[in-house]
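These protein sequence lines map, in sequence, to chains A and B. Going by the working numbering, the letters in the first sequence line up with residues 16 to 232, in that order. Going by the working numbering, the letters in the second sequence line up with residues 16 to 232, in that order. Single-structure report; data block below.
2 protein chains.
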Amino acid sequence: MPLSREKIAATAIRLADAHGLDGLSLRKIAKELGVGPMRLYDYVINRSELLDLMVDVVYARIAEVSQHSEWRATVLAVAHATRAAALDHEWFSDLLGGRPHLGPHALAVGEATAAALSQAPGVRGIDDLQRAVGALNAVIIGAVRREVTERRTARSAGTDEAAWQASLGPYLTRMLETGKYPTVARLVIDGAHLDAEETFNHNLATVLDGITSHPHT
Amino acid sequence: MPLSREKIAATAIRLADAHGLDGLSLRKIAKELGVGPMRLYDYVINRSELLDLMVDVVYARIAEVSQHSEWRATVLAVAHATRAAALDHEWFSDLLGGRPHLGPHALAVGEATAAALSQAPGVRGIDDLQRAVGALNAVIIGAVRREVTERRTARSAGTDEAAWQASLGPYLTRMLETGKYPTVARLVIDGAHLDAEETFNHNLATVLDGITSHPHT
DNA sequence: TATTGGTGGATACACCGTACGGTAGCGCAC
DNA sequence: GTGCGCTACCGTACGGTGTATCCACCAATA
């Protein structure tokens, strides 16, 4: 089997899933494929294009669920698929919004959501549509990034309890005990029980309602 | 002048402003300071902590404007200051949401926005507050990241017109001319004239209205 | 058979973050 | 005054990265 962009992207994704984006290198991918490092450059211009390739593979899976008859169902499906993809491939959230997503599957997802939003009530002209797309993407990107970051710190606290207790824990508790951040302290202490998915849904509903109600012309 | 965390952070920020986060290295900072690379490790544990330091310096400037009597004024001021900071220091947007912001000034900003939101109508309990903070941060992070990314690609198209025309331009136009992405094409062609700041304001207003109207219990 | 073209590979370079060992200087005990 | 110990500083070195360049081999053609 002669090595292809798809194969390269697939093993790159596997390695990134396992060791994160920082632990991903062309040499490791090549070694995993039993090939010299330079062979990859026959299929990919540079590391950056490899990342774009990986991103578009993920978008392909998101695009699969982006066809519904009702506009709101489409938007919700894309949003949830994006969140699920980012939770499956945490490196994806590191790349979200950091570079333009111009791969064919990314464009397909963009088309699906834009087409759906264009049918939402309250979205009248192309300007409304542009703003709606912007707001929706912003909320998805921001929420997903935030959730992945939280999950990472929680995990690093779990697996490396000693390090957490020794470094961040005391610092943070000391900070909160200064009394200068009472609201943050309340949030940290009392607000840990919320379900992440429900929060995501809530934020999504908030912005969608804002788009459709559209009190500003 | 004996070298300090502040001096290191300041020159690091200057270098990152000039050459981006990828062009930033401990060695270059050290050389800029006329010092061996290892001297930095007397003031900073690793590169990651240096980034945290830089981030908190930026948050210090944001925190300056975070005191207003009216909750909505506070939120708007913080949001705009964050956007302005990201446009001044584009690397800041790369770090937004990618790691927990736990520096003292970041906590101060978080406290100010949380305290403000807790006084917004429609925010009743701690759960409401947590969700509101999440939604607001998500929209700010997402919108700012998106804007910075757009600005970068626009700039790279401007300065390196040849490369743009040769690589991305044809690819994108070819993609759009396939007719598979009609809505996206319409957005790209007709929707370029919107003012970025106005879009930001609009998205912000959308989510704030969503928070205050609060149609979901 | 001789030549040529292209494909896969190894080597090399510049740079990165950072671990480590040595050294030089200063303050203190006697 | 003299010796000692300790601390702060510094250069060097290691393992890793992305990527450019050159080289060897092998197939197919003249």
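Just so you know, even glycine gets a beta-carbon here, dropped at the ideal spot from N, CA and C.
{"Item": "Where residue 164 of chain B meets chain A, residues with beta-carbon distance less than 8 Å", "Value": "112, 113, 114, 115"}
{"Item": "Beta carbon proximity, residue 218 of chain A to chain B, threshold 9 Å", "Value": "yes"}
{"Item": "Cβ neighbour criterion (16 or more within 10 Å) applied to residue 169 of chain A", "Value": "exposed"}
{"Item": "Secondary structure of residue 152 of chain B, DSSP reduced to three states", "Value": "helix"}
{"Item": "Proximal chain B residues relative to residue 152 of chain A, where beta-carbon distance stays under 8 Å", "Value": "157, 161"}
{"Item": "Positions along the region 135–148 of chain A whose CB lies within less than 8 Å of some CB in chain B", "Value": "141, 142, 144, 145, 146, 148"}
{"Item": "Residues in the region 192–208 of chain A having any Cβ partner in chain B nearer than 8 Å", "Value": "195, 196, 197, 198, 199, 201, 202, 205, 206"}
{"Item": "Chain A contact residues for residue 69 of chain B, given Cβ-Cβ distances below 7 Å", "Value": "By Cβ distance, chain A contributes nothing, its closest Cβ being about 18 Å from residue 69 of chain B, past 7 Å."}
{"Item": "Reduced DSSP category for residue 32 of chain B - H, G, I as helix; E, B as strand; rest coil", "Value": "helix"}
{"Item": "Proximity of residue 166 of chain B and residue 110 of chain B at Cβ, strictly below 9 Å", "Value": "no"}
{"Item": "Within-9 Å CB hit, residue 226 of chain A to chain B", "Value": "yes"}
{"Item": "Burial state of residue 50 of chain A, where buried means 16 or more other Cβ atoms lie within 10 Å", "Value": "exposed"}
{"Item": "Residue 135 of chain A vs residue 219 of chain A beta-carbon contact at 9 Å", "Value": "no"}
{"Item": "Interface flag, residue 125 of chain A vs chain B, CB-CB below 9 Å", "Value": "yes"}
{"Item": "Length of the line joining the Cα atoms of residue 203 of chain B and residue 130 of chain A", "Value": "14 Å"}
{"Item": "Candidates B:160, B:88, B:153, B:75, of which the one nearest residue 106 of chain B by Cα", "Value": "B:160"}
{"Item": "Helix, strand or coil at residue 103 of chain B according to DSSP, with G and I counted as helix", "Value": "helix"}
{"Item": "Buried versus exposed, by CB contacts within 10 Å (16 or more), residue 60 of chain B", "Value": "exposed"}
{"Item": "C-alpha gap between residue 54 of chain A and residue 45 of chain A, whole angstroms", "Value": "8 Å"}
{"Item": "Three or more C-beta pairs below 8 Å linking the region 115–127 of chain B and the region 66–82 of chain B", "Value": "yes"}
{"Item": "Classification of residue 34 of chain B by the beta-carbon crowding that lies within 10 angstroms, buried from 16 upward", "Value": "exposed"}
{"Item": "Listed by chain order, chain A residues near residue 185 of chain B by CB distance under 7 Å", "Value": "Correct list: empty, because the minimum Cβ distance to chain A is about 12 Å."}
{"Item": "Interface flag, residue 133 of chain B vs chain A, CB-CB below 9 Å", "Value": "yes"}
{"Item": "With 16 other Cβ atoms within 10 Å as the buried cut-off, status of residue 208 of chain B", "Value": "exposed"}
{"Item": "Residue 145 of chain A - DSSP class collapsed to helix/strand/coil", "Value": "helix"}
{"Item": "Residue 75 of chain A versus A:91, A:41, A:56, A:127, residue with shortest Cα-Cα distance", "Value": "A:127"}
{"Item": "Through-space distance from residue 68 of chain A to residue 221 of chain A, alpha-carbon basis", "Value": "33 Å"}
{"Item": "Interface residues of the region 88–110 of chain B facing chain A [CB-CB below 8 Å]", "Value": "109"}
{"Item": "Residue-chain proximity (residue 53 of chain A, chain B), Cβ-Cβ < 9 Å", "Value": "no"}
{"Item": "Residue 211 of chain A and residue 154 of chain B closer than 9 Å at C-beta", "Value": "no"}
{"Item": "Residue 231 of chain A at chain B interface by Cβ criterion, 9 Å", "Value": "Because the pLDDT of residue 231 of chain A is 49, which lies under 50, any placement of that residue in the model is unreliable, and the question is left without a value."}
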